[in-house]
Structure formats: C-alpha cells, structure tokens
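So in the UniProt record's numbering, spot 328 of the sequence shown is number 328, and the numbers just go up one at a time. This report refers to the structure that appears directly beneath it.
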Amino acid sequence: MFPSSQTKTLAILVRATEGSPPFTDELFCRRLSLGSMPYALQIIVIPISNDAGHLPLQWGYVYHQGKWNSVPVPAVDLIMDRCLRPISRYVRQQLKEWIPTNGTDQHHYWSASLPGKWEVHRVLSRNPELRSQLAPTTRIGSHIPWETWLDRWPKGLFFKPVSGTHGKNTFRLSQGATPSTWVVEGRNEDNEPFLLTFNHTQAVSSWLALHQAERKMIVQPYLELSHHGRAFDIRALMQKNGQGRWTLTGCMVREGPEGSLTSNLHGGGKAYPAQAYLLQRYGTIRTEALLKHIRQTAMLIPTLLESRFGRLAELGLDFGADAEGQLWLIEVNSKPGRTSFAEAGDRRMHTLTYTRPLAYARYLLQQHVLTDVFRPMKLPNTSSKAGLKPIPIHGG
Numbered sequence: 001m002f003p004s005s006q007t008k009t010l011a012i013l014v015r016a017t018e019g020s021p022p023f024t025d026e027l028f029c030r031r032l033s034l035g036s037m038p039y040a041l042q043i044i045v046i047p048i049s050n051d052a053g054h055l056p057l058q059w060g061y062v063y064h065q066g067k068w069n070s071v072p073v074p075a076v077d078l079i080m081d082r083c084l085r086p087i088s089r090y091v092r093q094q095l096k097e098w099i100p101t102n103g104t105d106q107h108h109y110w111s112a113s114l115p116g117k118w119e120v121h122r123v124l125s126r127n128p129e130l131r132s133q134l135a136p137t138t139r140i141g142s143h144i145p146w147e148t149w150l151d152r153w154p155k156g157l158f159f160k161p162v163s164g165t166h167g168k169n170t171f172r173l174s175q176g177a178t179p180s181t182w183v184v185e186g187r188n189e190d191n192e193p194f195l196l197t198f199n200h201t202q203a204v205s206s207w208l209a210l211h212q213a214e215r216k217m218i219v220q221p222y223l224e225l226s227h228h229g230r231a232f233d234i235r236a237l238m239q240k241n242g243q244g245r246w247t248l249t250g251c252m253v254r255e256g257p258e259g260s261l262t263s264n265l266h267g268g269g270k271a272y273p274a275q276a277y278l279l280q281r282y283g284t285i286r287t288e289a290l291l292k293h294i295r296q297t298a299m300l301i302p303t304l305l306e307s308r309f310g311r312l313a314e315l316g317l318d319f320g321a322d323a324e325g326q327l328w329l330i331e332v333n334s335k336p337g338r339t340s341f342a343e344a345g346d347r348r349m350h351t352l353t354y355t356r357p358l359a360y361a362r363y364l365l366q367q368h369v370l371t372d373v374f375r376p377m378k379l380p381n382t383s384s385k386a387g388l389k390p391i392p393i394h395g396g
C-alpha cells in the first residue's frame, strides 16, 4: 500500500466515538489520507477514548480503497494531535513507545497545542500592537462582581469557558426590560440555545456561581459584532507551508442564525467569502482597510505564541468587526476546523487547508527539526543535507 522507501507514518489522534468509523473528524482524516501519497506519508488514525483508563492503544485505522480498515499500530514518525481535550499522561507515554527515538527522548509532534483562552490572552496582551485589538478580559474567580462590570459595560457581559469550543456554554448577561430584571441568553453543553430571566440580584449571583463551579470561565464586555441582526466573525487561517514558513491561507466569514449570540457553524451558522461579505457591510475603502489589518495582525500572532508555547503548525484566528469597522481579535485556536472554507465555495483555498499540513509534515521529517515541540525552537537547518532525501513538496 505504501511502497516508497521514503514513506513515513503520520499518526492523527482524534477522539473515539460510536459509529463507523469509530472516531471524530473523519472528513479531515480522509482528506489527509487521500492527499498523502505525493508527500510519501502514510496516515494512520488513532482514536483516543475519554473512558479508556489504562487500556493499551493497539489498533488504528488507515483509509484504503474507499473504506477505513483497522490495523495494528505501527511505529510512527510524527504525531498530529486533533483531540480538543487534553490527552492523559498514560496515553502520551504509550505514544512515546511507538516512536523510534534512537536513544533520545524527543516529542515527535507535528504541533504543540495552545492552553486555555486566558493564558493565550495574557501572552497576546503583552504586545502593544495587539493590545488595542483585544477586548478587556477577566478570569472569573470565586467572587463575581457582575453588577459592577455591568455598570461599566451596559451592553452586557459575555462569558465563555477557558477551554470551550464551538460556542458551547457561552452566554450573555444583560439588563432586562426593567431595572429589576436581568437576562441570560446563550448556548448550553449541547449547543442548544437557552434564555433565562432573573428578578433578584441574588438569583443572578447564585446562577453564575453554580456555572463557575462547573468550569473555569472568562468574561468580556459584549461586543455588537453583527450584520442585519446576525452575529458574524472573520476566520483567518494561518498555516506553515512546505518550507516551514507561516502563510495566510485565507479568510472566511461565519455568520450565525438570526438571534444567535455566536457565529459558530456548529450552532447553525453559515460561511461566506470574506471580501464579498464585508463589502456589503462596510463598502470598498473600509473592507480593504479591514482585510489589510487582518493580514498584518495575523502575521504577528504565530511567532509570538511560539515563543511562549512551543512550535505550532496552524492557527485559526477569529476576528470581529463592529459597526464602525473597529477590528477585534476574539479567539485563537491551534486545532481549527475547515468547514467554513468548504462551505464558502473557494475550492483552491479549501484544498490548501489540507495540503499545507501534509507539506509541513514532510518538511519537518526532511529537516530533522523534531526536537521537543513544547519548547521554543531555533530556526531549523534548511540544507537538503540535513535530513531525508528531499522530495518535491507541493501545497506551499
């Protein structure tokens, strides 16, 4: 199946689930599998169960002749972690046993993972060029002075989990129709919308305290980032190419359904090409200025985060723009999805979202830069003598 002597094995870690195949992110894994041959890569998918305990990981899946086939886990050369939740220490120990280390103890990961939103915000806020684009952010402790915050930000407070995804468990707290009522609207654990009304401050405080006890959260002022009453954001995808350089693959707009606080596609949103969408809202001059600002900001962020969290391979940057065209950096994700690029209809850009991870994987293997991914790295040796025999790398 993989005849080339240059073929190396890339293991993709995803969460196990019910069904066939028994893992999430199937489309992503399939696209990488189908496109892996030009890069002399073998893709094996390793499902990671939340309830695995200390069961050994012995089986993975390869895509061949239109279906997923179960195979014993071989030795692997590179690991891509697509699990949205942290992997247990026991599983990571097993992963190290699969890697031929030649006497060294290296972490052969395609990319590090970013920590929670609060840690990322703190690093970005140290940069003076980025600081003005970050919404004021506070990590919630045991005491939640929401009344003081609401006086300061009367349009509302937006709460979100430190480690949440897809807009789940996010909500807005705002003043109700009368001075003695408060409204909480958002999405629950199942990404379903909910609406609550409170008539007493103590009831609000108790509900917030209960929510905080279940998960760590941050709070920001609610920003009106909407168009015709629909929340929207701009997803910019930064990826390393086949030469190991950061590149802006493209931008897409995600628009939420009417009445939704978030624009996530998992919550019923839709995707559109960024330029055409922004032209309708802001006109030519502001749109060009916004896109230029996004490009400039996008090039600042990756190396700044790498200097703190280790080598990264791709980043999904979510921007918002208010009615005046003020740009806000909402969130940074080291494991971004591709759905918005598929739905927006740009086939070339969509293809790059899959080929660039493969090109960068091959680059890593050829350049022998597989030192500890969790530590800041020096620039790798770019000489062709530094690693495997070079093969042409596309998707750059």
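From the three backbone atoms N, C-alpha and C, an ideal C-beta is built for every residue, glycine too.
I'd like to know whether the C-beta atoms of residue i and residue j end up nearer to each other than 8 Å.
i, j, result
"K168", "E189", "yes"
"Q239", "P357", "yes"
"Y61", "L34", "no"
"R131", "W118", "no"
"residue 418", "Q42", "Outside the modelled stretch of the chain, which goes from 1 to 396, sits residue 418, for which no answer is possible."
"L114", "S334", "yes"
"L365", "Q133", "no"
"residue 397", "E314", "Residue 397 lies beyond the residue range present for the chain, which begins at 1 and ends at 396; the question has no answer from this structure."
"R89", "P47", "no"
"A274", "V253", "yes"
"S70", "W59", "yes"
Could you tell me the alpha carbon to alpha carbon distance between residue i and residue j, rounded to whole angstroms?
i, j, result
"residue 405", "C251", "No answer is possible for residue 405: it lies beyond the span of the chain, which begins at 1 and ends at 396."
"F171", "F158", "6 Å"
"P154", "T351", "44 Å"
"Q212", "R152", "21 Å"
"D233", "P72", "42 Å"
"T165", "L150", "25 Å"
"L84", "A75", "24 Å"
"L13", "G283", "43 Å"
"T339", "T249", "14 Å"
"M37", "Y109", "20 Å"
"G19", "E26", "11 Å"
"A276", "L223", "23 Å"
"Q175", "L208", "15 Å"
"V204", "G242", "52 Å"
"G256", "A271", "9 Å"
Hey, quick one: how far does the alpha helix (DSSP H) through residue i stretch, first residue to last?
i, result
"P357", "R347 to Q367"
"Q94", "R89 to W98"
"K117", "K117 to S125"
"P128", "P128 to R131"
Output the boundary residues of the beta strand (DSSP E) element that contains residue i.
i, result
"G250", "W246 to E255"
"K216", "Neither: K216 is in no beta strand (DSSP E) and is coded neither H nor E."
"F194", "P193 to F198"
"D318", "E314 to A321"
Three-state secondary structure (DSSP) at residue i?
i, result
"S205", "helix"
"A11", "strand"
"D30", "In the sequence as presented, Asp is not what sits at residue 30; that position holds Arg. R30: helix per DSSP, three-state reduction."
"P302", "helix"
"S226", "strand"
"D151", "helix"
"W182", "strand"
Q.
Between the segment 345-354 and the segment 210-230, can you find at least three pairs of beta-carbon atoms closer than 8 Å?
A. no
Q) When the Cβ atoms of the segment 171-188 are set against those of the segment 280-292, are three or more pairs found closer than 8 Å? A) no
Q. Using 8 Å as the Cβ pair cut-off and three pairs as the minimum, do the segment 85-101 and the segment 297-310 touch?
A. no
Q) For the segment 189-198 against the segment 87-97, are there 3 or more C-beta pairs whose distance is under 8 Å? A) no
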